[in-house]
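*Asks:* Residues 26 to 422 in my numbering are what the sequence shown spells out, letter by letter.
Let me give you the structure first, and then I'll get to my questions.
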Amino acid sequence: MTDLFTHNVLHIALTPSGGACDLSCHYCILGRKQPPFPRIGSRMPEEVHDAFMRQLLETCSAPLVNITWQGGEPALAGLEFFEHSLRVQSRYRGPCTHVENIFHTNGTLINERWCEFFHANDFLVELSMDGPRELHNIYRKDKAGRGTFHKAFKAFRLLQKNRVRHRIHCSVNRVNGRHPLTVYRFFRDELQAGNIRFVPVVELESNDRSSPGKSVTFQSVRPHQWGRFLVEIFNEWSRQDMNKVSIDNFDSVLARLLDLPGPLCELRPACGENMAFDHNGDVYSCIRYMEPARHLGNIFITPLKDLFESEKYRQISHDKKNALPGCCRECAFLSVCNGGCPIDRFAVTPHRRSGLNYLCAGYRTFFRHSSGVFGVIAEHIREGRPFSPSLSVRAEA
Numbered sequence: 026m027t028d029l030f031t032h033n034v035l036h037i038a039l040t041p042s043g044g045a046c047d048l049s050c051h052y053c054i055l056g057r058k059q060p061p062f063p064r065i066g067s068r069m070p071e072e073v074h075d076a077f078m079r080q081l082l083e084t085c086s087a088p089l090v091n092i093t094w095q096g097g098e099p100a101l102a103g104l105e106f107f108e109h110s111l112r113v114q115s116r117y118r119g120p121c122t123h124v125e126n127i128f129h130t131n132g133t134l135i136n137e138r139w140c141e142f143f144h145a146n147d148f149l150v151e152l153s154m155d156g157p158r159e160l161h162n163i164y165r166k167d168k169a170g171r172g173t174f175h176k177a178f179k180a181f182r183l184l185q186k187n188r189v190r191h192r193i194h195c196s197v198n199r200v201n202g203r204h205p206l207t208v209y210r211f212f213r214d215e216l217q218a219g220n221i222r223f224v225p226v227v228e229l230e231s232n233d234r235s236s237p238g239k240s241v242t243f244q245s246v247r248p249h250q251w252g253r254f255l256v257e258i259f260n261e262w263s264r265q266d267m268n269k270v271s272i273d274n275f276d277s278v279l280a281r282l283l284d285l286p287g288p289l290c291e292l293r294p295a296c297g298e299n300m301a302f303d304h305n306g307d308v309y310s311c312i313r314y315m316e317p318a319r320h321l322g323n324i325f326i327t328p329l330k331d332l333f334e335s336e337k338y339r340q341i342s343h344d345k346k347n348a349l350p351g352c353c354r355e356c357a358f359l360s361v362c363n364g365g366c367p368i369d370r371f372a373v374t375p376h377r378r379s380g381l382n383y384l385c386a387g388y389r390t391f392f393r394h395s396s397g398v399f400g401v402i403a404e405h406i407r408e409g410r411p412f413s414p415s416l417s418v419r420a421e422a
């Protein structure tokens, strides 16, 4: 289980290679967008990287800064880029600030040298895998249309061998979403993964989210399917795996019951807590929302500190709560889900109002099913009592 009691954390996402990637996955945050997200020739220049790190670390007051490197494929920026980044981080980091580097990769370029670097510098590597071979290869293909499971599997074994901290990032789509226990047991039993994050694939046929009732792509997970996926895994996890497998989705629900942030930003009350920085110096409120409406500015025009304190940034943060439809405000699970990620609020309510989260029905199914167990765990934590023979949650922070 993740440390639910970590407060005052600043989360930042960087795209050191822009939208460039060596794969052609059918679903990708940046892959289907238009410029400014080119797929080639977009490595972050050193002057952009250095200016960003200086502005970030010289003004940051948070004791912990989480920097997530993603894209695209961040490994395309080259190992030397990240060696340089650590030197710059060390130069500007304050004496009371710890920087954690999180590297989100498809694994195809990971080798012994990368793993030695990750281990030596305590990176957390988040590896994209969608289950066993027959499920992973459906949507995660290379430029020639070939499945990439063998490369991701090899990368995972290299991470284990080199004792690199790692987490599985599983995109739940229409196909693997039908096989929750197959997916979970593969990660738990075959890979022996101890940290997993399940991320629902929700992709619109059109990038235009301005009107309600939009159609999702064929590969997108369906709301009730997402709920059943979580329920089936939760049933097995809660019976036998709480003390050995950390699942961010479950840790986040427990965190919300304890009025703590939790690892998943979509369940937090405010938006904009995972700001994104593109390779050209542009700043956005969120890595999933790198669109004009969430563009805050550019660090070479407006200092990062001013962007953090801008009225637009505050408004984006408050809009997550202020834009909730009435049925959400009256929902028994509002304090747990907070309406979910705003980018997925394109469905309509039972009263035909806009702004409902597309996955609402699935989340409600899961929350109703798991609330009793999570309630007991939360009560034990508040009272300082153990709730599992070997599962502990640090409460001293």
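Ideal placement from N, C-alpha and C gives every residue a C-beta, glycine not left out.
Taking the beta carbon of Ile326 as the centre, do at least 16 other beta carbons fall within 10 Å, making it buried, or is it exposed?
*Replies:* Under this definition Ile326 is an exposed residue.
*Asks:* I'd like to confirm the pairing. Which residues does DSSP put opposite Glu125 in its beta bridges?
*Replies:* Asn91
*Asks:* Between the C-alpha atoms of Phe371 and Leu349, what's the straight-line distance to the nearest angstrom?
*Replies:* Straight through space, the alpha carbons of Leu349 and Phe371 are spaced by roughly 12 Å.
*Asks:* How is Pro367 classed by DSSP in three states: helix, strand or coil?
*Replies:* Secondary structure at Pro367: helix, using DSSP grouped into helix, strand and coil.
*Asks:* Helix, strand or coil for Pro99, going by three-state DSSP, please let me know.
*Replies:* helix
*Asks:* Just curious, the alpha helix (DSSP H) that Phe325 is in, first and last residue?
*Replies:* Unbroken run through Phe325: none, as it is neither H nor E.
*Asks:* What's the gap between the Cα of Gly132 and the Cα of Ala386?
*Replies:* 33 Å
*Asks:* Taking its Cβ as the centre, do 16 or more other Cβ atoms sit within 10 Å of Lys186, making it buried, or is it exposed?
*Replies:* exposed
*Asks:* Enumerate, from N- to C-terminal direction, the unbroken alpha helix (DSSP H) stretches of 4 or more residues contained entirely within the region 177-247.
*Replies:* 205-210
*Asks:* Do the region 282-291 and the region 254-269 meet, that is, are 3 or more Cβ pairs less than 8 Å apart?
*Replies:* Contact between the region 282-291 and the region 254-269 is absent, because fewer than three Cβ pairs lie under 8 Å.
*Asks:* Mapping DSSP to helix, strand and coil, what is Ile135?
*Replies:* coil
*Asks:* Under 9 Å between the Cβ atoms of Leu329 and Phe77?
*Replies:* yes
*Asks:* Would Gly409 be called buried (16 or more neighbouring beta carbons within 10 Å of its own) or exposed?
*Replies:* exposed
*Asks:* Out of curiosity, what's the CA-to-CA distance linking Arg171 and Ser245?
*Replies:* 21 Å
*Asks:* In the structure shown, what three-state DSSP assignment does Met78 receive?
*Replies:* helix
*Asks:* Could you check where the beta strand (DSSP E) with Gly380 kicks off and where it finishes?
*Replies:* 379-381
*Asks:* In three-state DSSP terms, what is Glu408?
*Replies:* coil
*Asks:* Are the beta-carbon atoms belonging to Asp155 and Ser110 less than 9 Å from one another?
*Replies:* no
*Asks:* Between the region 193-208 and the region 82-96, are three or more C-beta pairs nearer than 8 Å?
*Replies:* no
*Asks:* How would you write the range of the alpha helix (DSSP H) that Ala360 sits in, first residue to last?
*Replies:* Reading off the sequence shown, one finds Ser at residue 360, where the question assumed Ala. Here the alpha helix (DSSP H) through Ser360 covers 359-362.
*Asks:* From Val401, Ile163, Phe223, His36, pick the residue whose C-alpha is nearest to that of Ser49; which is it?
*Replies:* Considering only alpha carbons, the answer is Ile163.
*Asks:* Which residue comes first and which comes last in the beta strand (DSSP E) that contains Val270?
*Replies:* Neither: Val270 is in no beta strand (DSSP E) and is coded neither H nor E.
*Asks:* Measuring from the CB of Gln244, is there a heavy atom of the ligand NAD at a distance below 8 Å?
*Replies:* Looking at this structure, you won't find the ligand NAD or any other ligand, since it has none at all.
*Asks:* With 16 other CB atoms within 10 Å as the buried threshold, where does Arg112 fall?
*Replies:* exposed
*Asks:* Leu279 and Ile135 - do their beta-carbons sit closer together than 9 Å?
*Replies:* no
*Asks:* Give the DSSP bridge partners of Val308, in chain order.
*Replies:* Phe302, Gly322
*Asks:* For Leu211 and Phe391, I'd like the C-alpha separation in whole angstroms.
*Replies:* Leu is not the amino acid found at residue 211; the sequence shown has Phe there. Each residue's Cα considered, the two are about 22 Å apart.
*Asks:* For Val124, count neighbouring Cβ atoms within 10 angstroms of its own Cβ and tell me buried if that reaches 16, exposed if not.
*Replies:* buried
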